[in-house]
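Undergrad: Numbering (the working numbering), first residue to last: 12 to 90.
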Amino acid sequence: MAQESKNYDKAVFAAGCFWGVESTFQALEGGLSTTVGYTRGKAKDHSYAVVCTGSTEHAEAVEVVYAASVVSYENLLNT
């Protein structure tokens with residue numbers, strides 16, 4: 012993802028396994044960067060292996076930084 016604009020927005024998507032979701036967003040025109048992590052959850056010390064057990068209530072998430080002048084939030088939702 013090449014940075015195309017200094018004007019950008021951020022969106023966070025929790026949609027199952029973040030690796031596949033991140034890959035999809037990285038391929039979008041207008042996407043500047045992605046970062047994976049976790050949302051919610053009750054465990055302070057968590058790892059990928061622990062989160063995958065489903066016991067922490069975390070959701071895998073992807074933060075997408077994007078150029079709204081190139082790709083709209085609505086298009087991100089439909090991706």
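Backbone N, C-alpha and C define an ideal beta-carbon position, used for all residues, glycine too. Note that the structure is a prediction, hence the values are computed from the model and not measured.
Taking the C-alpha atoms as reference points, what is the distance between residue 28 and residue 21?
TA: Using only the alpha carbons, I get a separation of about 19 Å.
Undergrad: How far does the alpha helix (DSSP H) with residue 87 in it extend, from its first residue to its last?
TA: Residue 87 -> alpha helix (DSSP H) spans 84–88.
Undergrad: Would you report the Cα separation of residue 18 and residue 53, rounded to the nearest angstrom?
TA: In a straight line, the C-alpha of residue 18 is about 34 Å away from that of residue 53.
Undergrad: Can you give me the start and stop residues for the beta strand (DSSP E) that residue 8 sits inside?
TA: Since the first residue of the chain shown is 12 and the last is 90, residue 8 is not available in this structure.
Undergrad: To which residues of the same chain is residue 68 closer than 7 Å at the C-beta, ignoring the five residues directly before and after it?
TA: 51, 52, 53, listed in sequence order.
Undergrad: Identify whether residue 42 lies in helix, strand or coil by the three-state DSSP scheme.
TA: Here residue 42 sits in strand by DSSP.
Undergrad: What does a CB cutoff of less than 8 Å around residue 61 pick up in its chain, not counting 5 residues either side in sequence?
TA: Within the same chain, residue 61 has close Cβ partners 54, 67.
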